[in-house]
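*Asks:* Residue numbers (our numbering), protein chains in the order written: chain Y, 95 to 439; chain H, 290 to 605; chain G, 1177 to 1319.
Let me begin by handing over the structure; questions about it come next.
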Amino acid sequence: MIKKLFTGSDWVDALKKTGDLYKIFVPVREGDFHNFRPLEQGTKPNFDFYNTRLSPKSIVYPQSERMFESLNDPEAPDKGILKEAAKDYAPRAIVGIRPCDAQAFQIVKRNFDNPEYRDPWWVRRFESTILVGLGCNDPCPTCFCSSVGGGPFHEEYLDVMLYDLGDKFLAKSITEKGEEFLSKVIGGSPADDTALKKAEALGPAAIEKITSTLSSDKLKDKTVTGLFNAPFWDEVAFSCINCGTCTFLCPTCWCFDIQDEVYGKQADRIRNWDTCMSPLFTLEGSGHNPRENKFQRVRQRFMHKLKYYPDKYNNGVQCSGCGRCVRYCPVNIDIRQVAKLMNEY
Amino acid sequence: MHEYTEKIRDAAKRLLKEGKVDTFIGFKKGSVPMMNEPALITDPDKADLLHWDSNCGLNLCNYLTKRTDRIGIIANGCTSRNIVTHIIENQIKREQLYIVGIPCTGMIDPRAIKRAVKFKEILDVEEKDGRIIVKGNGLEESFEKRAFLQKNCAICLHRNPVIYDEMVGEKAPEQQEIESFKDVKKIEVMGSDDKWGFFTRMISSCIRCYACRNACPLCYCTTCFVDEAQPQWVGKSIDPTDTMTFHILRAFHCAGRCTDCEACERACPMGINVRQFTKKLNKDALELFSWEAGMSEDQRPPMDVYKTDDYNDFIK
Amino acid sequence: MNEWQPKITTFLCNWCSYGAADLAGVSRFQYPPYFRIIRVPCSARVSPKFILAALRHGADGVWVSGCHPGDCHYLEGNYYARRKFALLKGLLEHIGIEPGRLNFSWISSAEATKFAETAKGVADEVKALGPAKHFIKTRAEVA
C-alpha cells in the first residue's frame, strides 16, 4: 500500500507528468459549477467543489457515441458493411471522483457486465479506468450516501483514496490497480503519522455531518403490485415536467437509444442517453405506448430505482446518494420523500 | 410577497369547499432552499400545503394544457399572460378557470444568490421586509431582494395579472423606465462571427434534457419537432449543430408568444441563458408588429394575422 | 474551373415566381447557375424547418420568392409568410448567419427580367460572403 503526501500544486504537477501513461480527468471550474475535463497543458484543476454538475459516468459511458459506421457509397466495395468505430481504450484516471459516483459505476456495472450481457464499449472503458476518489470532508445537506451502502470516505469502490487535509493531499492506494497508478505519480513525500492520523479522523467526522437519509429498509418486504397500485403516485407525479434532468445527471441511470444517421456517403449508428421520462421512451412501432401518462413514467423511475433493481440484484437500491436529482430537478421532486412514501406504504 | 400565502390558502379552501373548482393548482414549499414544487390540491383540508414566496419562478400555466376539469390557479403577471395565450390557442377554456391573481414584486434568482455567497452550502433562505436572509453552516448573510431579482423580473413591465377572478392584494406598482432589450442590443451590434461564437459557447454545455422545452407553457405539441422522423429535422445526439438547430427552432415556435417568464432558464440544469433566443424574437415582434404576448383575449397572435402594410424592407 | 461556386437553395412559389423563372428561361435571360430550385405551391409553404434544413445540408445561401402582396394565388399566403420571414431572418442573423445568406423577394410571373436581376444580385451577395461556415451538419460530432 502506498501512502504519499503532496501539496496541491505538487499533486497537479505530478499528475501532468504521467501524461503518456494515463489520460487524467480532473474537476475544472466552468462558470457556476465544476465538470470533469481532461488534464491538458492549459487546464486549471479545481478541487474546491462539493460535486461536479454532470457525473463522471460520461467518461466511461459518453452521452453520444458512435457504435458502428458504414459507407453508403454505391461504388465502395464494402458498402453497407457495419464496422465498429475506432475507440480509445488507453488507460485513464478520474482524479477527484467522489465515493458516491464511484459506487455508481458498480451499480451500472451490474447492467453492462453480467453473465448474460456484456456491453463491449462500457466494459473496455471501465476496465481501463482508475478511480482516484476524493473523500468528502463536508457532505452536502442533500447527500445521503450513507443510507444506500456508501459513505463520504467509503473505500470499497475506489482504486486510490485522496484525503484533503487542507494544506496537503494524502493519497492512499487501495487496489492493485491503484497502487500501480500511484507508483507512477512521481513526487510527494511518504505520509507521516500526523498526516495519517488527520486523514483517518476525516471519515467519521464526515459521517456525523450527513443529515439526509433515504429510507428503503422495508421495501423488500412489499409486493411489486402493492407499490405499483399505490394511491400516492398521482400526487408525486403532478409537478414532473418529464424532462431528462434527473436521468442525465444521475450517475446510476443507464438507459440509451440507438439511432442511425446518414450524411452523404457516410452512415453512423449512434447511441445516445435516453430518459424514461420522455413520452417516447416506450412508444412501440405499432403506435401503442404502455407508459403514455406522466404518472406511469414517474412511477416507473422510482419503482425501478427503489424496488425492481433491489429485488433483481439483491444488493441495495439503484442509487448512490449523490443528491443531484434532488438539487437540480426543476420542480423539486425529491427521491427522499418518495422513498419515504414507498417505504411506509 | 410571502404574506400572500395565507390568502392563497383561504381562497383554495373556499373555492374547493364551495365546489367552484374541482382542483386547485399552486406551489408547495420545496425540500431544498429556494425551490418550490408545483402542487395540485383536491382536498380543502390539504390547502395548508400551499405556499407563495419569491421562489415561485416556474410557470404554472404549463400544467393547464388540455385539462378538462374546473381549475383554480394562482397567477402573477407572466403566468396570467400565458393563461391568456393558452385560451387564445384553445388549450384551455376561460370558463374552466378561476384565477387567483397575485400582484408580484419579482422572483429571486437562486444562481445569483449562490454566487454571492461564493457557493458555500445554503441551508435556509428567508425573506423579510424586502431582504433575503441566507443561512448555512458558518454562513449568515442578508441581501437586498431588488438586487437579486431574476433577470426577467428586473425588467418586468407587467407585474400584475392581466386576467383574474380575484386578487390577493393591492396591485403592485409597475416598474418605470425599464430598458427591456439591453442584452439583445448588446449582441445585435456584434459582427456575425462574434455572434456565432457567443451563441455556440452559450449552448456548448447543453445536454438535450429538454427541461427548457418542458417547463415552457408554450411547448405543448403532442409530437415535438425533435421527435419527428421522415424527415428528421434534428438529430438526437449532442452534436453542436443539432443542439443549435433545436434551440433556434424551439425559439421560433415561441415567436411572438413568449412572455419572458424565465421558467426555461430556471429549469435548465446547466444554467444556459436560453432566453437570448426568444428575447430577440420578442423585440422584433414588438418593434415590427407592435405585439406583446398574452395581453388581451381579443387579439389574435402576430403569426396568425397580417396587415397589408407590414414591414417589407427586407424583401427584394 | 476550380473556382468555388455557391449553392443557393431556392424556393419559388408555383404561381408567380416559378413562372417568372420559366419565362426568364424561355426568353434566354442569362443568370448564374448556382440556384437549386424547389417549387412550392405558395411562399407560405416554406417553413423555417426547410430553411434550417437547407443550411444544415451546406447551402451557401437560401432564396425564397413569392407573389407580390395582394396578388397571392391563395389570397393571403404571402402576407403570413412575410411576417414569418421577417422574424426568422432577424433570429438567424442574430445568432450569426451572415446577412446576405438569407434572401427574400416578391416576383410576379411576368417579371422575368426582375427574376434574372434578383438572381444575379443574390448570387453576388452570397459569393462575396464565401462558402457557408456555420451550421453545417456532417457527421455527428460525438465520441
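From the three backbone atoms N, C-alpha and C, an ideal C-beta is built for every residue, glycine too.
Taking just the CA atoms, how far does F130 (chain Y) sit from I561 (chain H)?
*Replies:* Residue numbering aside, residue 561 (chain H) sits at position 272 when the second sequence is read from its first letter. Residue numbering aside, residue 130 (chain Y) sits at position 36 when the first sequence is read from its first letter. Taking the straight line joining both Cα atoms gives about 18 Å.
*Asks:* Starting from Q360 (chain Y), find everything on chain H with Cβ-Cβ shorter than 7 Å and list it in chain order.
*Replies:* Locating residue 360 (chain Y) in the first sequence gives position 266, where the first residue counts as 1. Within chain H, no residue comes near Q360 (chain Y); the closest Cβ sits about 13 Å away, beyond 7 Å.
*Asks:* Across the segment 538-553 of chain H and the segment 480-494 of chain H, are there enough close Cβ pairs to call them in contact, namely three or more that are closer than 8 Å?
*Replies:* The answer is no - the segment 480-494 of chain H does not touch the segment 538-553 of chain H, with fewer than three Cβ pairs under 8 Å.
*Asks:* With 16 as the cutoff for other CB atoms within 10 Å, does T511 (chain H) come out buried or exposed?
*Replies:* Sequence index remark: in the second sequence, residue 511 (chain H) carries index 222 (1-based). By the 10 Å Cβ count, T511 (chain H) comes out exposed.
*Asks:* How about Y183 (chain Y): is its C-beta nearer than 8 Å to some C-beta of chain G?
*Replies:* By one-based count along the first sequence, residue 183 (chain Y) stands at place 89. No, no contact with chain G.
*Asks:* Can you list, in chain order, the residues of its chain with a C-beta nearer than 8 Å to that of Q394 (chain Y)? Leave out the 5 residues immediately preceding and following it.
*Replies:* For the purposes of this step, residue 394 (chain Y) is taken as the residue at position 300 of the first sequence. Closer than 8 Å at Cβ, skipping near neighbours: C370, R385.
*Asks:* Identify the contact partners of N1279 (chain G) in chain H, using a Cβ-Cβ distance below 8 Å as the criterion.
*Replies:* For the purposes of this step, residue 1279 (chain G) is taken as residue 103 along the third sequence, with counting starting at 1. Neighbours of N1279 (chain G) on chain H, chain order: K605.
*Asks:* Any beta-carbon of chain H closer than 8 Å to the one on H1249 (chain G)?
*Replies:* The residue you call residue 1249 (chain G) lines up with position 73 of the third sequence. Not one chain H Cβ lies under 8 Å of H1249 (chain G).
*Asks:* Since W216 (chain Y) is in the beta strand (DSSP E), which residue starts that stretch and which ends it?
*Replies:* Here the question's residue 216 (chain Y) lines up with position 122 in the first sequence. Run containing W216 (chain Y): none in the beta strand (DSSP E); it sits in the alpha helix (DSSP H), 214-221.
*Asks:* Beta-carbon within less than 6 Å of S352 (chain Y)'s beta-carbon, same chain only, minus the 5 sequence neighbours each way: which residues are those?
*Replies:* For the purposes of this step, residue 352 (chain Y) is identified with residue 258 of the first sequence, where counting begins at 1. Checking the sequence shown, residue 352 (chain Y) turns out to be Ile, not Ser. Cβ neighbours of I352 (chain Y) beyond the five flanking positions: R365.
*Asks:* To the nearest angstrom, how far is it from the Cα of A1295 (chain G) to the Cα of K151 (chain Y)?
*Replies:* Start at 1 with the first residue of the third sequence, and residue 1295 (chain G) comes out as number 119. Start at 1 with the first residue of the first sequence, and residue 151 (chain Y) comes out as number 57. One C-alpha to the other measures close to 52 Å.
*Asks:* So, does the segment 430-437 of chain Y touch the segment 295-314 of chain Y, judging by three or more C-beta pairs under 8 Å?
*Replies:* Yes: the two stretches touch, three or more of their Cβ pairs being nearer than 8 Å.
*Asks:* Is it buried or exposed for D258 (chain Y), if we count other Cβ within 10 angstroms and need 16 for buried?
*Replies:* Mapped onto the first sequence, residue 258 (chain Y) falls at position 164. Counting Cβ neighbours within 10 Å, D258 (chain Y) comes out buried, since at least 16 surround it.
*Asks:* Examine the Cβ distances between the segment 519-527 of chain H and the segment 449-459 of chain H and report whether three or more of them are shorter than 8 Å.
*Replies:* Verdict: no, contact absent.
*Asks:* Using the three-state DSSP reduction, which class does E1269 (chain G) fall into: helix, strand or coil?
*Replies:* Taking the first residue of the third sequence as position 1, residue 1269 (chain G) is located at position 93. E1269 (chain G) falls in the helix class under three-state DSSP.
*Asks:* Can you check which of these residues, H:G395, H:N325, H:R539, is closest to D428 (chain Y) by C-alpha distance?
*Replies:* Residue mapping note: residue 428 (chain Y) aligns to position 334 of the first sequence, counting from 1. If we check each option's Cα against that of D428 (chain Y), H:N325 comes out closest.
*Asks:* Taking 8 Å as the cut-off, does the segment 1300-1319 of chain G touch the segment 1271-1290 of chain G (at least 3 CB pairs, one atom from each stretch)?
*Replies:* The segment 1271-1290 of chain G is in contact with the segment 1300-1319 of chain G.
*Asks:* Going by other Cβ atoms of all chains shown within 10 Å of its Cβ, with 16 needed for buried, is E292 (chain H) buried or exposed?
*Replies:* For the purposes of this step, residue 292 (chain H) is taken as the residue at position 3 of the second sequence. Flag for E292 (chain H) reads exposed.
*Asks:* Which same chain residues, not among the five before or five after V411 (chain Y), have their C-beta less than 7 Å away from its C-beta?
*Replies:* Along the first sequence, one-based indexing puts residue 411 (chain Y) at 317. Closer than 7 Å at the Cβ level, and outside the excluded window around V411 (chain Y), lie V242, S310, K399, L400, Y403, P404.
*Asks:* Return the chain-ordered list of same chain residues with a C-beta closer than 6 Å to the C-beta of G361 (chain H), the five sequence neighbours on each side being excluded.
*Replies:* Here the question's residue 361 (chain H) lines up with position 72 in the second sequence. Here the set comprises L304, V310, F313, Y387.
*Asks:* May I ask which residues mark the beginning and end of the beta strand (DSSP E) holding V1240 (chain G)?
*Replies:* Within the third sequence, numbered from 1, the residue matching residue 1240 (chain G) stands at position 64. Here the beta strand (DSSP E) through V1240 (chain G) covers 1237-1242.
*Asks:* Tell me, please, whether the segment 338-351 of chain Y touches the segment 201-220 of chain Y by the rule of three or more beta-carbon pairs shorter than 8 Å.
*Replies:* Because the criterion of three Cβ pairs below 8 Å is met, the segment 338-351 of chain Y and the segment 201-220 of chain Y touch.
*Asks:* In this structure, what does DSSP give as the bridge partners for G281 (chain Y)?
*Replies:* Against the first sequence, residue 281 (chain Y) aligns to sequence position 187. In the DSSP output, where bridge partners are listed per residue, G281 (chain Y) has none listed.
*Asks:* Quick one: which residues of the segment 561-592 of chain H get their C-beta closer than 8 Å to a C-beta of chain A? List them in chain order.
*Replies:* No chain A appears in this structure, whose protein chains are Y, H and G.
*Asks:* Would you tell me roughly how many angstroms separate the C-alpha atoms of A331 (chain Y) and R421 (chain Y), rounded to the nearest one?
*Replies:* If you number the first sequence from 1, residue 331 (chain Y) lands on position 237. If you number the first sequence from 1, residue 421 (chain Y) lands on position 327. So the two alpha carbons sit approximately 17 Å from each other.
*Asks:* Given that a residue counts as buried once 16 or more other Cβ atoms are within 10 Å of its Cβ, and exposed if not, what is K1260 (chain G)?
*Replies:* The sequence position of residue 1260 (chain G) within the third sequence is 84, counting from 1. Buried.
*Asks:* How big is the Cα-Cα spacing for E163 (chain Y) and A1220 (chain G)?
*Replies:* The count along the first sequence starts at 1 and reaches residue 163 (chain Y) at position 69. The count along the third sequence starts at 1 and reaches residue 1220 (chain G) at position 44. Using only the alpha carbons, I get a separation of about 39 Å.
*Asks:* Please decide whether R1315 (chain G) counts as near chain Y, where near means a Cβ-Cβ distance under 8 Å.
*Replies:* In the third sequence, counting from the first residue as 1, residue 1315 (chain G) sits at position 139. True, the Cβ-Cβ gap to chain Y drops below 8 Å.
*Asks:* Compute the distance between the beta-carbons of L252 (chain Y) and A295 (chain Y), then report whether it is under 8 Å.
*Replies:* As a position in the first sequence, residue 252 (chain Y) is number 158, starting the count at 1. As a position in the first sequence, residue 295 (chain Y) is number 201, starting the count at 1. For L252 (chain Y) and A295 (chain Y), no; Cβs fall outside 8 Å.
*Asks:* Taking a contact to mean a Cβ-Cβ separation below 8 Å, would you say V189 (chain Y) touches L276 (chain Y) in this structure?
*Replies:* The residue you call residue 189 (chain Y) lines up with position 95 of the first sequence. The residue you call residue 276 (chain Y) lines up with position 182 of the first sequence. Result no, Cβ atoms of V189 (chain Y) and L276 (chain Y) do not sit closer than 8 Å.
*Asks:* Pull up the CB-CB distance for A187 (chain Y) and F247 (chain Y), whole angstroms please, since I reckon it's below 8 Å.
*Replies:* On the first sequence, position 93 is the one that residue 187 (chain Y) refers to. On the first sequence, position 153 is the one that residue 247 (chain Y) refers to. Contact flag wrong, Cβ pair sits at about 19 Å.
*Asks:* For the segment 1252-1269 of chain G, list every residue whose C-beta sits within 8 Å of some C-beta in chain H, in sequence order.
*Replies:* For the segment 1252-1269 of chain G, which is checked against every Cβ of chain H, the residues closer than 8 Å are E1252, Y1255, Y1256, R1258, R1259, K1260, F1261, A1262, L1263, L1264, K1265, G1266, L1267, L1268, E1269.
*Asks:* Can you name the residues of chain H whose CB is closer than 7 Å to the CB of P1224 (chain G)?
*Replies:* Along the third sequence, one-based indexing puts residue 1224 (chain G) at 48. Going along chain H in sequence order, the residues near P1224 (chain G) (Cβ under 7 Å) are L538, F541.
*Asks:* Report the rounded CA-to-CA distance for L321 (chain Y) versus P1307 (chain G), giving the unit in angstroms.
*Replies:* Taking the first residue of the first sequence as 1, we reach residue 321 (chain Y) at position 227. Taking the first residue of the third sequence as 1, we reach residue 1307 (chain G) at position 131. One C-alpha to the other measures close to 60 Å.
*Asks:* Report buried or exposed for D593 (chain H), applying the criterion of at least 16 other Cβ atoms within 10 angstroms of its Cβ.
*Replies:* Here residue 593 (chain H) is taken as the residue at index 304 of the second sequence, counted from 1. That one is exposed.
*Asks:* What residues in the segment 140-163 of chain Y bring their beta carbon closer than 7 Å to a beta carbon of chain G?
*Replies:* Cβ contacts with chain G: P156, S158, E159, R160.
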